[in-house]
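Enquirer:
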Amino acid sequence: MTKSGKNGPKQGSSDPELGDLSARLKELSGRIAVERSERAESAKPPASMQDASGYARGYKLVSEFAAGTLVGGLIGYGIDWLFGTLPFGLIFFLLLGFGAGFLNLVRAAKRMPPAQERLNTNPPPKAAFDDEEED
Amino acid sequence: MAQGIDPIHQFQLHDLAGPWNIAGHEISFTNSALFMGIAVGLITVILLAAAARGALVPGRLQSVGEMWYEFVHNMVQNVLGHEGKAFFPLVFTIFSFVLFANMLGMFPYFFTVTSHVVVTASLAVFVVALVVVVGIAKHGLGWFKLFVPSGVPLVILPFISLIEVISFLSRPVSLGLRLFGNMLAGHIVLKVFAGFVVLLGSMGLGGIIGSIAPLGMAVALTALEFLVAFLQAFVFAILTCVYLNDALHTHH
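As given, the protein sequences belong to chains A and B, one line each in that order.
Heads up: the first sequence is residues 0 to 134, going by numbering that gives the first Met the number 0.
Heads up: the second sequence is residues 0 to 251, going by numbering that gives the first Met the number 0.
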């Protein structure tokens, strides 16, 4: 394209061809712009693909909740094991673990479904997550 | 027969090359290590072959390579923004490894690397450890303010902080357990339904007719498992991005 563009002015006589070329160049750059915006659009569906599969989403939420509880319970049991205060640390940290699991759950739930609506604002998970952190 | 339909049998580790004693530890080359190696080798070969030509108009293989690259690239770009470019190789590696390990596991008689919690937990712990390292490197000790939300009354602040810490610590657990659980459960269910087909099929004509239902189920589950194999790799990669985003952009 650029090569023929360079050749155009040298020949001089081929004015109509030059006009044709610049028209074609303009058309091409227009097509590229459209293509780019289309591609930016089509690049996003993968981000919402996990929303499409309810199975994956459900599993994700469950694992978030379970992990919080599990870690809380493990920390409690570990503290009990260290200090020999068996039921109390477990009870306390299991409850905190439930809290943490719930926090995870709410965050994960908030992070995921509105992603489709927020696709227009550029970095969706960041915005969602940061709002959450401020609370 | 009974061994043929043992749904757990497929996850057994075998030593392929005897245990060597390295620094006081018994280390051996297992089938898990073999399939990890196959996954890494396949990724390398496919990507090298895809990038070898570098044609302006990509052929089939190059298209796949470019789509693969752009898919991860867009994901990193969308979640981490411009600063996250440094983490693209890491996310691409993790995504590719998990994807190939999952997909290789779909072949009959192949070993599913990601169905062992050791593998997935190692990946998850590595990611979260990286988040801590990057966070501290970028924000100094101020990064720990992540665990101290602003605007919380002083009375409940210790509890909130503890909950935040537990919530953070639960990330590697949920990240690792999810991948492991999905692969393990999927493969067991697949094996169980396939086992029904074998059992019913050996019971004469009525059994063969009756085995149509579990056979259909097994076929449907195979399709589902392919979806899960991809989705879990994707989820693992995108959560890596989301967690890294935490380390990069902490506003407090």
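We put the beta carbon where it would ideally sit given N, CA and C, even for glycine.
Which of helix, strand or coil does DSSP assign to F213 (chain B)?
Expert: It is Pro, not Phe, that sits at residue 213 (chain B) in the sequence shown. Helix.
Enquirer: Compare the C-beta of L153 (chain B) with all C-beta atoms of chain A and state if any pair is closer than 8 Å.
Expert: No, L153 (chain B) does not count as interfacial toward chain A.
Enquirer: Below 8 Å, how does it come out for the segment 152-164 of chain B and the segment 73-87 of chain B: are there three or more Cβ pairs, yes or no?
Expert: no
Enquirer: Closer than 7 Å by C-beta to D134 (chain A): which residues in its own chain qualify, once you throw out the five before and the five after it? Chain order, please.
Expert: With a pLDDT of 38 at D134 (chain A), under the threshold of 50, the modelled position of that residue is not reliable, and no figure is offered here.
Enquirer: Quick check: L93 (chain A) and G75 (chain A), are their CB atoms within less than 8 Å of each other?
Expert: yes
Enquirer: Could you tell me which residues DSSP pairs with A16 (chain B) in its beta bridges?
Expert: B:F28
Enquirer: On a CA-only basis, which of B:E224, B:I21, B:I207 and B:F167 is nearest L243 (chain B)? Give me that one, please.
Expert: Minimum Cα distance to L243 (chain B) is reached at B:F167.
Enquirer: Keeping to the same chain, check which residues put their C-beta closer than 8 Å to that of V241 (chain B); ignore five residues upstream and five downstream.
Expert: V78
Enquirer: Alpha carbon to alpha carbon, what distance is there between S149 (chain B) and L89 (chain A)?
Expert: 28 Å
Enquirer: With DSSP collapsed to three states, give me the class of I21 (chain B).
Expert: strand
Enquirer: Would R177 (chain B) and S21 (chain A) qualify as a contact pair, given that the criterion is a beta-carbon distance under 8 Å?
Expert: At the C-beta level, R177 (chain B) and S21 (chain A) stay beyond 8 Å of one another.
Enquirer: When the cut-off is 8 Å and only beta carbons count, does R177 (chain B) lie next to chain A?
Expert: yes
Enquirer: Looking at the unbroken alpha helix (DSSP H) that takes in G180 (chain B), where does it start and where does it end?
Expert: Its alpha helix (DSSP H) spans residues L156 to G200.
Enquirer: For M105 (chain B) versus A228 (chain B), is the C-beta spacing smaller than 8 Å?
Expert: yes
Enquirer: Give the DSSP-derived three-state secondary structure of D19 (chain A) in the structure shown.
Expert: helix
Enquirer: Does the Cβ-Cβ distance between D245 (chain B) and V130 (chain B) come in under 8 Å?
Expert: yes
Enquirer: Are the CB atoms of N101 (chain B) and Q231 (chain B) within a distance shorter than 8 Å?
Expert: yes
Enquirer: On the premise that F110 (chain B) lies in contact with A38 (chain B), defined as a C-beta separation below 8 Å, what is that separation, rounded to the nearest angstrom?
Expert: That pair is no contact at about 11 Å.
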